Each structure stands twice: as C-alpha cells, then as structure tokens.
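Participant:
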Amino acid sequence: MDISSSRKIRSISYAKYGYLFILPFFVVYAFFQVYPLFNTFYLSTQKSTTETGSVVLENVGLDNFRAILFGEGKSTDDAGNVIYKETRQAGAIKKDFFRVMGNTLILWFGNFIPQIIISLLLAAWFTDAYLKVKGKGFFKIVMYMPNIITAASVAALFVMLFSDSQLGAINSMIHNAGGETVPFVSGKDQSRVLIMIIQTWMWFGNTTIMLMSGIMGINPSLFEAANIDGASPNQQFFLITIPLLKPIMLYTMVTSMIGGLQMFDIPYLYNVGTSQNPFTETIAVFIYNHFHNIKPNYGYSASSSVVLFVITALLGSICFAVNRDKDNTPKAKRGAKALKNKLGGL
Amino acid sequence: MKNLKKTLAMISSVVMAGSVFAACGGSTESTGDTTTAAPAADATTAAAAEGETEAAPAETEAAAEGGDAAATDKLTVLCWNTDDIDPMLKLFCEKTGHTADEFNVKSFGCGGGEAAENYDAYLADANNDADIMFVEADWALKYINDDNATQALSNIGFSDADYADLYGYTIEIGKSTSGVQKGLSWQAAAGGFCYREDLADKYLGVKTPDEFQALVSDWDKFMETAGKVKEASGGTTAMTSTLAGVWQVFSAARTNPWVADNKLQLDDECKKYIDLAKTMYDNGYVIKDLAQWNNDWYAAGQTDSTMGYFVSTWGFGDAILSQAAGGEGGTTYGKWKVVVGPQPFYWGGTWATVATRCNNPELAKEFISFFTTNAETAQAYSESKGEYVSNQKAMEGVLANGSYTGVGVLGGQNQFETLNVVAADINMAGGITPYDSVIKQAFNDAVTQYCQGNYADVDSTIDAFVDNVAASLPDLDYSNFE
Amino acid sequence: MSTQMAGTKSNSQMIKVRTTLVTIVMVLLAIISLLPIYILVVNATRDTFDISKQGISLLPGLNLFDNIKTLMTWSEEGKVQYDAFIGYRNSAVIAFSTTLLTVLFSAMTAYGIVVYDFRFKNAAYTIILAVMMIPVQVTSVGFYQFMSKLGLTDSYLPLILPAIAAPSVVFFMRQYMKSSFPLEIVEAARIDGCGEYRTFFTIGIPMMKPAIAVQAIFAFVANWNNYYTPSMILISREKTQLTLPMMVNTIISNDKLADFGANYSAIMLSIIPVVIVYFIFSKFIVEGVALGGVKE
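Chains E, G and R are the protein sequences, given in the same order. Just so we're aligned, residue 219 is where the first sequence starts under this note's numbering, counting upward by one. Just so we're aligned, residue 11 is where the second sequence starts under this note's numbering, counting upward by one. Just so we're aligned, residue 2 is where the third sequence starts under this note's numbering, counting upward by one.
#1: Hey, how far is the Cα of Gly-61/G from the Cα of Glu-376/G?
#2: According to DSSP, simplified to helix, strand and coil, what is Ala-47/G?
#3: Taking 8 Å as the cut-off, does the stretch 119–128 of chain G touch the stretch 144–155 of chain G (at least 3 CB pairs, one atom from each stretch)?
#4: Is there a C-beta anywhere in chain G that falls below 9 Å from the one on Lys-70/R?
#5: Could you tell me which uninterrupted alpha helix (DSSP H) segments, each at least 4 residues in length, are contained entirely in the stretch 12–76 of chain R, listed from first to last along the chain?
#6: Inspect the beta-carbon positions of Ile-416/E and Val-372/E and report whether they are closer than 9 Å.
#7: Can you pull the chain R neighbours of Thr-258/E, defined as C-beta to C-beta under 9 Å?
#8: Taking the Cβ atom as the reference point for each residue, do Pro-219/G and Thr-415/G lie within a distance shorter than 9 Å?
#9: Keeping to the same chain, check which residues put their C-beta closer than 6 Å to that of Phe-491/G; ignore five residues upstream and five downstream.
#10: How about Asp-485/G: is its C-beta nearer than 9 Å to some C-beta of chain E?
#11: Per DSSP, what kind of secondary structure is Asp-487/G in: helix, strand or coil?
#12: Starting from Thr-458/G, follow the alpha helix (DSSP H) in both directions and report where the run begins and ends.
#13: Between which two residues does the alpha helix (DSSP H) containing Asn-137/G stretch?
#14: For the structure I just gave you, are there three or more beta carbon pairs, one from the stretch 236–255 of chain G and one from the stretch 302–310 of chain G, closer than 8 Å?
#15: Please go through the same chain and pick out, in chain order, the residues whose beta-carbon is closer than 7 Å to the beta-carbon of Thr-246/G, but skip the five residues on each side of it.
#16: Tell me Gly-202/G's beta-bridge partners as DSSP assigns them.
#17: Which residue spans inside the stretch 331–393 of chain G form an unbroken beta strand (DSSP E) run of at least 3?
#18: Counting only Cβ-Cβ distances shorter than 7 Å, please list the residues of the stretch 381–412 of chain E near chain G, keeping chain order.
#19: For Cys-537/E, which of helix, strand or coil comes out of DSSP?
#20: Between Ile-413/E and Ile-484/E, how many whole angstroms is the CB-CB distance? I'm expecting something under 8 Å.
#21: Buried or exposed: where does Asn-452/E fall if 16 or more other Cβ atoms within 10 Å of its Cβ makes it buried?
#22: Just reading off the alpha helix (DSSP H) that Phe-343/R is part of, what are its end residues?
#23: State whether the stretch 270–289 of chain E contacts the stretch 167–179 of chain R, with contact taken as three or more CB pairs (one from each stretch) at a distance under 8 Å.
#24: How would you list, in chain order, the residues of chain R whose beta-carbon sits under 9 Å from the beta-carbon of Ile-359/E?
#25: Using a C-beta cutoff of 9 Å, does Trp-9/G count as contacting chain E?
#26: For a quick check, are the C-beta atoms of Tyr-132/G and Leu-99/G less than 9 Å apart?
#27: So for Met-438/G, helix, strand or coil by DSSP?
#28: Please list, in chain order, the chain G residues whose beta carbon lies closer than 8 Å to that of Ile-311/E.
#29: So if I threshold CB-CB distances at 7 Å, which residues from the stretch 364–390 of chain G count as touching chain B?
#30: Out of Met-15/R, Cys-195/R and Ser-181/R, which one is the CA nearest neighbour of Ala-212/R?
#31: Please classify Thr-109/G as buried or exposed, where buried requires at least 16 neighbouring CB atoms within 10 angstroms.
#32: Would you say Ser-519/E reaches chain R, if we count a Cβ-Cβ gap shorter than 9 Å as a contact?
#33: Along the beta strand (DSSP E) that carries Leu-496/G, what are the first and last residues, could you check?
#34: By Cβ distance below 6 Å, which residues in the same chain neighbour Tyr-237/E in space, the five residues on each side in sequence not counted?
#35: Could you check where the beta strand (DSSP E) with Ile-301/E kicks off and where it finishes?
#36: Verify the CB distance criterion: does Asn-250/R have a CB-CB separation below 9 Å to chain E?
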C-alpha cells in the first residue's frame, strides 16, 4: 500500500515521530469521542429515573432495544416469571422510533432527489464548454451561499415567514388573495415539503460543486470525440456524463444519507417555542428530545443512538466498498479515476 | 541527543499552545461568571459554615470549577424571565430599605416550560448559589418533591397559621406529595375572557360586559355566540384566538388528577374538550392553526381577526393582552373588556420555593412573606403591578381602597372585580402531579392533530394521547386504557 | 443512430438558444438562493405593524435602527438572552480556537501518517477513516453525561478541545499531501540537519497552505454555525456565554417579544459575519469544495 513511501524513508528510527505526530489526535479522540461512544453504549443498557430529583441509573440489559425495536416490555406472567411481551409503553416507543426513522428517510429522500436533479443539470451546464453563459463564477458563488448560513438563523427566518395562521407573512398574502391558509409548520405534508425545500435550498450548491469536480475528472477527449461524432448535448449528458458519474453519485448519495440521518438543526429549530411536529421529528431530534426532557430517558436516547450507529456503519461500509481502491484517493478523484480506467478499456 | 532536546522543546511548545487555547476558553467563561459572582473563596466558606454541602446531590463534588461560585452573600433568585422579579424587587426595596445589591437574579431567559432543564443544570453544580426558586404549577412537584432541591417553608420560619389569608389552592399546589408546605404563590392565577368591546358592539350589538357575559355564560352559549360573530363578520372574526386558551379553561375544570395510584386517567372535562375543540376548529371559531405564544398570536389582537383571548391575572400586561393590543397607543389599546366567561378558571401562576442550599433564610422569608402572607405589602404589590395576589385580605383591601382602577388596555374597567368573582370559585379539585407538563403537552398535541384531521375520531385521538404519554413515561400504569 | 440525427442539428444557433435558456434558469436559481436573505434584510428594516399588515415586501423600510434599538432594550432589560456583540465575541472565540486546533493538529496527524513509516500507520489511518462517519448525535448522550460528570458543562473546553481530532480534515489533508507533497524534501531537510518538528513547521505547513486554508475556512464556518454541541454543553444559558446560533434560538423561542422587525433584525445580525466572510473568501471556498475532487 505504501511501498513508495517506505522506499523513500527506510530508516526505522523515524518511526517514533510518526507516533508523536499522530498522538494528540488519538488522545483527544479517545477522550472526547471514543469514551463518550462507549458511554453511550453503556447508557443504552440503563434506565434513568428522576423520582428523587437527580437522575438515577438502573441496569436493564437489552430492554431498551427490545422496546424501541420490537415493542416488547418486561412484565411477569401469572407464575411470577419474568417474561417479555408487548406492552403499551414499549409499543408506544417502538411506534415513535419507527415514525421518526420514517420521517428521517422521507425528509432525506425528499431533499436528495430534487437536489441531485438540479445539481446534475447545473454541474453539466457549468462544465459545458460550448455554453457561453456569462458570470459562471458569480452563479456558483451565489448558489453555494445558502450552505454557509447558520442553520439556526435559516430555521428562524423560514419559521417566521411561513408561520401557520392567516397572520403569518406568506399565509397572510394567501389569505388576502382569498386562498385557504397552509399549515407550513404544523401540517403533515406541508411541513415536510417546506423542510425539504429548505434543505434543498441549503445544499444544492454544495452538491453541484461536488458533481462538477466529478465531471471535470472525466476525460475531456471523450466529450470531444462525442462531439465530433455529432452527439447532441443531451445525448452527451445521458450517455457519457451520467454513466461515468455513477460512482461519485453513489458516493454523494451515501454521504448525503449519512448526513440526512443526522438532520437536526432545521427540523428541531423549526419547532422551537411550540411542540415538536411529529411528522418532521427526525431520529436526531428524537434522541435529543428524550435526553433533554423534564423527565429524561437516557436509555431510549442511547439505544436509538446505537441503532443509528449501526445503520451509519453499514452505510459507511457501502461507501467504502464502492470507493475501495489501492490508493484511498479522495472520493471524487477516485470516481474520476475509475472512470478513466473504464475509458482506457474502451 | 540534540534531536531529543529539540523534540522536547517542540512538545512543550505544542503543549503551551494547547494551554493557551485552554486558557482562552477558560477565561471567556470566567468573564461570563464574574459579572454576577463574588469571590469563590467566600462561596465555599459560607457554604461550609451553613453545613449545606451534604444536602447537595452526590455527583456534584466533581463539579469543582473555580470561578463558578455565585454570590452567596446575596439572595439568589432563580427564574426564567424577569417579568415578575423586576417589579417585585423594585417594590420590595422601596418598602423595606433593602437594596437591589442584596439580590442576585438568575434569569434563564426562556419559556417557563424549559426552565426546569436549566434549573437542573444550574443546581447540578454545588457551587452555584440558589436561595429562592420560582416554579410553575406544571412542574412544581419536580422540585417540591425533591428534598435535595427545595426545603420546607417551616425551616425558614413559616408556620401554618401564616397561610390563613391565602387562597386555598395556592397553598395546596405548594405542598409536596407527602403534604409538606414548600412553596407559596403570590398570584391567584384567576382568569377571564377578554373581548373586543368595539367588535362586540358591531357584531352582537352588545354594549356592556354584563350583556356580553350573558352571551357566553356557558359553553353552549359561547358556541352560539361564536357562530353569530362568525356570520356577522362575514367569516373574518373568530370568537377566540387559539384553542390553547380554551384548553386552559377545561384543564382548570378537571376534577381528577392526571395520574392516580400511578395510573394515567382522563378526566371527563378533557373528553368534552376534544369534541368542543374539533367543532371550534372546523367552524372557524378559532383562528386556523394559529399557535399560542407565536408572534402572530399577539398580532391577531391588532386586527379584527379575533374577538377575544382567554387571559389570566398575569396576562393583562405585556405577557398577553397589552402586547396583543399593540402596547400603549396601539391600535386596539383600551378597546378590551374582561368577563368571567363560560367557566371560572385559573391558569398558571408562579410559586416561590426555598432552595435546600439557601443560605439567607431571613431575607428569603422576608421576601416571600412580603408578597404572600403579609396582607399589607401584598396589597401594595397588587396595586403597583396590577396583579391579582394570592392573599385574600390584600385583595379585599385593594377592592375596598379603590385606588387601583384597572390596567390601561381595558379602557377603564378594573379586571380585579371580575377576577374576584372567578377566584372565589377556584377549587383545584384536579390537583397536580409531577407529570403534568408532559401529559398536558401530549394531550394538546393529540387534540391538535385531531383538529387538523390526522386522527379519524375521538377514540383514536385518545389512543394517540395515551401512546404519547406512554412513550415518555414508561413507569406509569396504562391499564385504564386497555 | 439517433446520435447522428441529432448531431446534425447541433450548430451555433442551437448553442445560442441553449445558452439563453441555461442563463435564464441560472438567474432564476440565483434569485432563489438570494431571495430569502433579501427578504430577511428588508424585513429587518421594516416596522412591525407594516410587517404584520403586509406580510412580505420587496421594498425596505426605514426602521432598521429602531428595530436594533428595540432589540438592545430587550437585552438590557433581561427580556431575552440576545446581544449580538457578545454573540459575535463568543462565537468568534470558539470558532477561531477550534479552527486553529483543527488545522494545526490535522496537518500534524496527516503529516505523521504520510511522512513516517511506522508499524500501526495503516491501522491508525483506517481508524481515522472508520470514525469519520460517526454522527455527533451518536456520541452526544455519552459525551454530555461524561462532561457533566467532569463538571465541564458551561465551559468552552468541551467545545474547543475536541477540535484537535477532526477525522475528515485529516483525511482531506492526507489526500492533499499524497498528491502534492514530495517526500524527498523531508529527506533533504534531514540531510541539512533540520529536526523533524522544525521540518514540519517550516516546510510541511507552508507546503500544505492551500489545503490548510480551505479547511480553515470550512472549519470556521462549521464551528460558527454549530448549534447542537453548544446547546448541549452550555446549559446554564448565561447570556455572556451564549453563541450566536443559541441567541437566535432564544429569540424565536421567547414568547413575549412580538416585534417582528426586531426579530428579523436579530436574525439578520446573526448572519452578517458569515456572509461577509463568505463573500471575501467565496472564490476560495467554491474551489475548495471542488478541490477534494479535481486535485490530481
């Protein structure tokens, strides 16, 4: 893997510097990430009660997982033996857990699809040498801007503009025009769509630039050849760009999905000051809310975190598998390289 | 050798760089604290002298940050906004000769519902001073039942006889589950229905509050009037701004606590409310999807979109009504009147409790009694702030005295005359439980969903409500709903 | 076959039409990108009655300073935990120190992995890659509980120190070094008798400048905007400690401040610094996003 470097630096005596250089990273990582991660695993086997004021932990083994995943709670049968069966409490938390997982997927899907479509088009246009669009640099800068604005401020802005009743900024205009007001904040589909729009708005510029770098990695001679053969821009897009972009698109999708699983700021802050809208509550919000509650339940938070961890790990390994190559080159470059290899075989 | 020296030099420089950052973080933090804090040494010695440290939660000894100790020689009041404490302190200092310097107001600047989380965090550090803690009825028991957080009022010199003049329900809510008096409220949070006088005249031909009261004296009449208003206004005016206000009335009318024998239960008033809420929502008797406490909620009072608000004693000022009228000089300021409404109700209220770590018991007692058990000063507070206080004798005094003529937004009406009628009828039969804030929220969420059409009928709404609660409070018994 | 048919049509006229269409779409998207911010700025200058009467307007008002004054009065009276300048200061302290730590230690870690040969080198790198994707929410429960056990809640340390370990930045920097850092230079330095740390600071860091600059900007923006971790750690909600995103949150969650203009101006004040930083460095940023991909 690192043949070249080992060839260059043979002397073993420098090895200790390697350790010293990477030591701070691993010390800090162990302290602030690894230990908390194990602590989360530990808390996932605990049940917290607050009857006496401060939080008291009690070991419950895998009960939290039984509850959130299978809706089974601990109870005793007639003979006094401990059995697990469906209980109201466990059933309710399971329903909640699957609801928030569903929400997370829906919200992610609903912002990824429009985002990838817009971004693909834009990326193709930005890299199309035959299009004489003026001010490409300006457009790129402007379109990327929503991505850097504080999510908390974005949520605050949208929630003020789109508040539900006829007195809200947008809704008052709808109302005055004789229309029915739209519950953008509390409605089921309406609130989801608005959050998807906000997310798309925030991220399409970023995705565009990611895809652009992928397209720029495609051998230009391929487009030239296609052009000489008389392929239309559409054909070039669908027959060259898209197929060759597949790996990077998959990569974008998986990383976006991992990011989507963490979606917190917008859905959470969108409901600040009112109660959480059950249709836009994501898994991250669920974890946070069960933890920061007047009656906190560390166990549910921690066990859902562990489930989230497993899902992320699975997605992460897909990501790895897709992009696996000898050099561990960066994603886009890897995509581009893979493309070049294919071209070589043509 | 040379190399080693260099290595060491480098490491130490890196470490130093690291400590600079650390100091950076630390220093900002301590600048944050010094604004309210006295020297840490004082804090520890004082706490030790009082022998309070054992009472603090066990995990707190880990929390030993130097600059974090607050001023122990001051009376520290924990609260979530300064709406009450500011006028209270002003009057207290004026009348008693104490100075504001003797107080340290720790306001978390958040909604009442979020205060508990902030309190927990604050109390978790044993070095943080706390003498008096303001609590809301919905989560009062969380602290009142916790001996590590609050102590009996008798510890600082109150006796049962002191409470004779107070409204019964304000005493009851201040008691722990085992019956220890730990908190007192200075408010009797009686409420009424505030309506727009001009709109009532325009749509209903009603001139006086008495006439209006006759039209809303029970829920059937209230709904009938709501229909008339809707029709007469051509559909533009809703009877009341939000369902949340209506809910407060029903919630106060409950005769059973939410939880009895560890079992969740649903009072008949709540079931009645579900039906009524749906009818009101569907018929446009409330402003569609308007959320209470939202900025738009206040803005509604300056348009003709709503006839009225349900308002409690603390809500006549900027907390609700005055702000909804646009403040002094606002478009509808002075055009409001208050009536008892369909059902007498109380809403909210704040209780003062004494923290277990309190180290100024004398001043704490003086402060609490000033606004509660001392009729004379409570009356002065009532008149200065326009607050319906918990001391009945004080309220009798205010009404007899006649020097207080009502809040400006009511345009000459004295809200105390109405609230006086309401307060007499409050019995708090529903009582409170430590779970109220979670359960009430779950209930309201379920009803909102039902109104918006996400649940088919009342049964599935109740079902969803029970599920909401069960997910948050797994230790309760839900056999009533099987 | 269809390829050829369509191909004959592709002439300069066709390109012109397409260029126009594409330009229109791009202008539209640019407007969409800017519009919410524009409305925010406009609303921050309008008076609250105007906003509640008229909803959205594209014409600014004259109330900006009054709105900001209202905001400052609220702050002085303790009605809300919002003070833009304290927020700027706090967010800046956190963002600057985290950025510095992140780029310095990530560069160091990446350098260590690329330049030196040691037994657990590959293992170390694999671990870094593996942990790159652990969402912050997963560890947050344990993190918070651990920090509160250590008494580090309400302290900036748990917000700043973890920045030393930034796996994705290490990943990026390693990629950068792999592609554009000649190892011979290190050997040359050694022959000249230059110590390892000196080599890193005098040769390594300067050569990694582009990667460091890009990552510094991203780290700065990300930390400036971070809401989740500070809201978890700064539990006492002391105004003098709050970061800007938390202050914005208190503005929207506070229920007794129904002045639309002042609320909008609070949001506007919170985004001004990022927008300024962005437009100063925008070229750099946009290229930086692409850099991960096109750097050969």
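All C-beta atoms in this analysis are idealised placements derived from N, C-alpha and C, irrespective of residue type, glycine included. None of these values were measured; they are calculated from a predicted model.
Facilitator: Reading off the structure:
#1: A caution first: Gly-61/G carries a pLDDT of 39, below 50, which makes its placement in the model too unreliable to give a value.
#2: In this prediction, Ala-47/G has a pLDDT of 36, which is less than 50 and means its spatial position is unreliable; what the coordinates show is noted afterwards. Looking at Ala-47/G - three-state DSSP - the assignment turns out to be coil, as it is neither helix nor strand.
#3: Short answer: they touch.
#4: So no, Lys-70/R is outside the interface.
#5: Note on the stretch 12–76 of chain R: whole alpha helix (DSSP H) runs with a minimum of 4 residues are 13–45 and 49–55, in chain order.
#6: In this structure, Val-372/E lies closer than 9 Å to Ile-416/E by Cβ.
#7: Neighbours of Thr-258/E in chain R, taken as residues at a C-beta separation under 9 Å, are given in chain order as Val-139, Thr-140, Ser-141, Val-142, Gly-143, Phe-144 and Gln-146.
#8: The answer is no: Cβ separation not under 9 Å.
#9: Excluding residues within five positions, the ones whose Cβ falls inside 6 Å are Val-476.
#10: Yes, its Cβ sits closer than 9 Å to a Cβ of chain E.
#11: Secondary structure at Asp-487/G: strand, using DSSP grouped into helix, strand and coil.
#12: From DSSP, the alpha helix (DSSP H) with Thr-458/G extends over 446–461.
#13: Where Asn-137/G is concerned, there is no enclosing alpha helix (DSSP H), because DSSP gives it neither an H nor an E.
#14: Remark: three or more beta-carbon pairs, one from each stretch, lie closer than 8 Å, so the stretch 236–255 of chain G and the stretch 302–310 of chain G are flagged as touching.
#15: Contacts found: Asp-314 and Ser-315.
#16: Listed as beta-bridge partners of Gly-202/G by DSSP are Val-321/G.
#17: For the stretch 331–393 of chain G, whole beta strand (DSSP E) runs of length 3 or above, ordered along the chain, are 346–349 and 360–365.
#18: Taking 7 Å as the cut-off between beta carbons, the residues of the stretch 381–412 of chain E near chain G are Ser-381, Asp-382, Ser-383, Gln-384, Leu-385, Gly-386, Thr-399, Pro-401, Ser-404, Gly-405 and Lys-406, in sequence order.
#19: Helix.
#20: Contact between Ile-413/E and Ile-484/E holds, with the beta-carbon distance rounding to 6 Å and staying under 8 Å.
#21: Around the beta carbon of Asn-452/E, a 10 Å sphere encloses fewer than 16 other beta carbons of the protein chains shown; the residue is thus reported as exposed.
#22: Residue 343/R lies beyond the residue range present for chain R, which begins at 2 and ends at 297; the question has no answer from this structure.
#23: The stretch 167–179 of chain R and the stretch 270–289 of chain E do not touch, with fewer than three beta-carbon pairs separated by less than 8 Å.
#24: Using a Cβ-Cβ cut-off of 9 Å, Ile-359/E is close to Tyr-279, Phe-280, Ser-283, Lys-284, Ile-286 and Val-287 of chain R, given in chain order.
#25: Look at the range of chain G in this structure, 11 to 492, and you will see that residue 9/G is not part of it.
#26: For the 9 Å CB-CB criterion, Tyr-132/G and Leu-99/G do not form a contact.
#27: It is coil, neither helix nor strand.
#28: For Ile-311/E, the chain G residues whose C-beta falls within less than 8 Å of its own C-beta are Ala-480, Ala-481 and Pro-484, listed in chain order.
#29: Considering every chain present, this structure includes no chain B. Its protein chains are E, G and R.
#30: The residue with the shortest Cα to Cα distance from Ala-212/R is Ser-181/R.
#31: Looking at its Cβ environment, which holds fewer than 16 other Cβ atoms inside 10 Å, Thr-109/G is exposed.
#32: Taking Cβ atoms only, chain R reaches closer than 9 Å to Ser-519/E, which makes this a yes.
#33: The displayed coordinates of chain G run from 11 to 492. Any statement about residue 496/G would go beyond what the structure contains.
#34: If the five residues before and after Tyr-237/E are omitted, its C-beta is found closer than 6 Å to no C-beta atom of its own chain.
#35: Counting along the chain, the beta strand (DSSP E) containing Ile-301/E begins and ends at 300–304.
#36: Closer than 9 Å: yes.
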